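Colleague: Structure below; questions to follow.
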Amino acid sequence: MKNTVLLLSIACGALWVATPIVHSASDGVYPLTENSWGNPEFKKRFLGSYGFDMEINPKITSEEAELLETVAEFMNTDPSESIRLLEEALTPETSAAIIYTIGSLYLQEGELDKAIEHYRRAIERFPNFFRAYQNIGYALVQKGDYVEAKPMLVEAIEIGGGNGTLYGLLGYCFLNTGDASFALDSYRQALLFQPESNDWLLGKLNSLLDTGMVQEAIGMLNDMIEKNPSNANFWMMQANAFMGKGEYGKAIANLELLDRMDEDSSRSLALLGDLLLNEDLPQLAVERYRKAAGFSDLEASKLIRMAEGLGARSAYSEAIELVDEIESGGATISPEEELMILNLKAEASIALGRVDEAARILESIVAQDPLNGKALIGLGDYYRSKEDLENAMIQYERASKVKGFESKGLVALARVEVTLRDYASAVSRLKRANALDPKEYLEDYIRRLEAVLRSS
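Per our numbering, the very first residue in the sequence shown carries number 19; after that it's consecutive.
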């Protein structure tokens, strides 16, 4: 009898290999490292956490006990052989425990659909099968099917009572389906059982952030940082929480500290650069951006957007510094990204008074991309500044036919026509522009030009 109980414990034990990922409100990614089958402590705790309860686990016959004893030696070393032997022995009378064991072996092998199928068959034969519900929940979590996993985990809790792992995984499912308030309740329950679980603490933290309970999240992060001050994720998440409250100075302080601790990343440096730029400190921002460029995981497109952000703040010298860093860094730059860089260089050249240089760059852009509305407008502006109104109108006309630049092109044409005193044509173009993109200043411009026409 003792061996029978032991083998039934093996049959009804959890074989879980999932390593789900938690997505935080700060876009971080955290594996459930403490509560995975790969953690020996978790495995020991999980297998030993339930007593033998005949009401929630099925009985097995003495013949099935002998079969389990035969395959037990293969379960860890050769699961496929164990599956073969157990499936060969299946009959219409086979107990739910044997079918469950096959499902668990499939789960161990990563064949999730087959595992779920066998767990469902086991439940058909033993509807109150706690561990079958539990493991279906785990398998569905591993598949990323959080909607289907939730009722399975709830059923396991109702049948066998809650524990930290079940409540924690339920919270994880709620968090991934956008039910942050339910996730928070579940994580709070999980922490009653496992108060030191980093997984559930992070889950609760993410839930607080997602439900807008930012101040409570900041307080929680203070405690977590005090216990583990070297954890860069905690500092980063708190920086994001400070930003959520508009406390940008505190966010900068957190990110600067990460930089000094050498715990920074391309992401934290890029964010620090953005914050410094918002504080009108472009030189400090570009220093962080340039350092971020040294990380291989930072894509060229993100660096270009940083440079564009500098340009938008009229920090063109700093923008060109960063562009030089991008071009000399050896990163793969797509044709589209090359055009973005050229556009930025042209803007910078115009802003710095190097209009002829800007024109050469704009001509290069248009040669590569004839429908680049931004470059066409810029080139038209250049010709207009040189009083070459014919060429200016050619570029504006081309821009007015580019999607997204129709209104800008028409307004630019109208302004040239006003210079040429062709007010009737200018009004016509402005009305078309205003119909495409209504603006109060255009309506006022039209009224004033119409007044000129009436008085002439």
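Ideal Cβ positions, reconstructed from N, Cα and C, are used throughout, including at glycine.
What you are looking at is a predicted structure, and each value in this text was computed from that prediction instead of being measured.
Going by alpha carbons, who is nearest to GLY162 out of GLY179, ARG138, VAL172, TYR190?
Modeller: Of GLY179, ARG138, VAL172, TYR190, the residue nearest in Cα terms is TYR190.
Colleague: Assess, as a yes-or-no matter, whether the region 221 to 239 is touched by the region 191 to 204 under the definition of 3 or more beta carbon pairs within less than 8 Å.
Modeller: Taking 8 Å as the limit for Cβ pairs, the verdict is that the region 221 to 239 does touch the region 191 to 204.
Colleague: Check ARG63 in the structure and name its three-state DSSP category.
Modeller: Caution is warranted here: a pLDDT of 44 is assigned to ARG63, below 50, making its placement in the model unreliable, and the coordinate value is therefore given only provisionally. It is helical.
Colleague: Okay, do the region 302 to 316 and the region 265 to 272 touch, 3+ Cβ pairs below 8 Å being the bar?
Modeller: Output reads no: the region 265 to 272 does not touch the region 302 to 316.
Colleague: Contact check, ILE379 vs SER367 under 8 Å by CB: the rounded distance?
Modeller: That pair is a contact at about 6 Å.
Colleague: Excluding sequence positions up to five away, which residues of its chain have a Cβ less than 8 Å from the Cβ of LEU460?
Modeller: Taken in chain order, the residues that qualify are VAL429, LEU448, ALA451, ASN452.
Colleague: For GLY182 and LEU209, I'd like the C-alpha separation in whole angstroms.
Modeller: Rounded to whole angstroms, GLY182 to LEU209 spans 7 Å at the Cα level.
Colleague: Under the rule that 16 or more other beta-carbon atoms within 10 Å means buried, what is GLU408, buried or exposed?
Modeller: GLU408 comes out exposed.
Colleague: In or out: LEU263 buried (at least 16 other Cβ within 10 Å) or exposed?
Modeller: At residue 263 the sequence reads Lys, which differs from the Leu that was named. By the neighbour-count rule (16 or more Cβ atoms within 10 Å), LYS263 is not buried but exposed.
Colleague: Assuming ILE117 and ALA140 make a contact with CB atoms under 8 Å, what is their CB distance in whole Å?
Modeller: Yes, ILE117 and ALA140 are in contact; Cβ-Cβ is about 4 Å, under 8 Å.
Colleague: Hey, how far is the Cα of TYR480 from the Cα of ALA364?
Modeller: As displayed, the chain neither begins before 19 nor continues past 474, which places residue 480 out of reach and without an answer.
Colleague: Nearest CA to the CA of GLY186: which residue from TRP218, ALA432, GLY391?
Modeller: That would be TRP218, whose Cα lies nearest to the Cα of GLY186.
Colleague: One question on the structure: do LEU362 and GLU339 come within less than 8 Å of each other, judged by their Cβ atoms?
Modeller: No, Cβ-Cβ distance for LEU362 and GLU339 is not below 8 Å.
Colleague: Can we count LEU227 as close to the ligand MG, meaning its CB is less than 7 Å from some heavy atom?
Modeller: No copy of the ligand MG appears in this structure; indeed no ligand is present at all.
Colleague: Between the Cα of GLU468 and the Cα atoms of MET279, ARG439, GLU343, ALA333, which residue gives the shortest distance?
Modeller: Checking every option, the nearest Cα to that of GLU468 belongs to ARG439.
Colleague: Hey, how far is the Cα of GLU281 from the Cα of GLU265?
Modeller: So the alpha carbons of these two residues sit roughly 22 Å apart.
Colleague: Run the CB neighbour count on THR88, radius 10 Å, all protein chains shown included, and call it buried at 16 or more, exposed below.
Modeller: Answer is exposed; the Cβ neighbour count stays below 16.
Colleague: Let me see if you follow: with CB-CB separation under 8 Å, is MET358 close to chain B or not?
Modeller: This model lacks chain B altogether, as it is built from one protein chain only.
Colleague: Just the Cα atoms here: how many angstroms apart are SER80 and GLU142?
Modeller: In a straight line, the C-alpha of SER80 is about 22 Å away from that of GLU142.
Colleague: Rounded to whole angstroms, how far is the Cβ of ILE344 from the Cβ of ALA318, which I believe are closer than 8 Å?
Modeller: Between ALA318 and ILE344 the Cβ distance is about 6 Å, and since that is below 8 Å, they are a contact.
Colleague: When the distance is taken between beta carbons, is TYR414 closer than 8 Å to LEU431?
Modeller: Contact flag set, yes.
Colleague: With respect to the alpha helix (DSSP H) encompassing THR119, which residues constitute its N-terminal and C-terminal limits?
Modeller: Per DSSP, THR119 belongs to the alpha helix (DSSP H) from 114 to 126.
Colleague: So, under 8 Å CB-CB, GLU355 and PRO300 are touching, yes? Tell me the CB distance rounded to an integer number of Å.
Modeller: Actually they do not touch by this definition, with Cβ atoms about 22 Å apart.
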